[in-house]
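**Q** Numbering (the numbering used here), first residue to last: 126 to 351. Using N, Cα and C, we set each Cβ at its ideal position, and we do this for glycine too.
Following this line, the structure appears as structure tokens:
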């Protein structure tokens, strides 16, 4: 009994848990794949099976895999397509070394003595480091666009998951959206229409609740799968 209970847990590495580069669902899924590898096995499952295990719809699980596949540490290969059911299996692996490199914290500025103000030494190292940080922020901004999950208009989306991916970290914002929508899931076309209405409502007098900005609305439109 104890052995069965232990197998039902997914262990998440602390560095993976702490990163802000991945959503909670992505962290959990990566940890799930690593669990297979630690047991000397390779994960080979269909989208439907994985969706059931993670309490998600087929389209949501497909989007998680598609998005993670854009990272160099993650690799999912489609195999054994079944024309009768329209499904295929995925052989999924995580490169631990590349994942650790991805999770490595940025170089700390604490090594530099910010109190030194010698006019003959303008501390070019700090200037360079700050410039690199700025460039890194630009890269991260671009990569966010590259990593947007895509949906077909008929796909059912989980409100909690999609809002987290769009950058909403405050529980009150997410709960407000859910309460206004009176649902925790809906098809993507309805989600777009609802987000547009909230985007307009934010300019109304006395409006309170989640703010759908122009940037968020633009990101939502980028999530439409061609």
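1. Compare the C-alpha of residue 222 against each of 313, 159, 274 and 325 and name the closest.
2. With a 10 Å radius around its C-beta and 16 neighbouring C-beta atoms as the bar for buried, classify residue 172 as buried or exposed.
3. Which runs of the alpha helix (DSSP H), 4 residues or longer, sit entirely within the region 279-321?
4. Should residue 143 be labelled buried (16 or more other beta-carbon atoms within 10 Å of its own) or exposed?
5. Here's the rule I'm using: 16 or more other beta-carbon atoms within 10 Å means buried, otherwise exposed. How should residue 279 be labelled?
6. Provide the residue span of the alpha helix (DSSP H) that contains residue 171, from first to last.
7. When DSSP labels each residue in this structure, what does residue 201 get in the three-state scheme?
8. Please confirm whether residue 145 and residue 189 have their CB atoms less than 9 Å apart.
9. Take the Cβ of residue 338 as the centre, count every other Cβ of all protein chains shown within 10 Å, and call the residue buried at 16 or more, exposed below.
10. Restricting to Cα atoms, I'd like to know which of 205, 274, 154 and 309 is closest to residue 179.
**A** Let me lay it out:
1. 159
2. buried
3. 284-290 and 296-306
4. exposed
5. exposed
6. Element bounds for residue 171: not the alpha helix (DSSP H) but the beta strand (DSSP E), 168-171.
7. strand
8. no
9. exposed
10. 154
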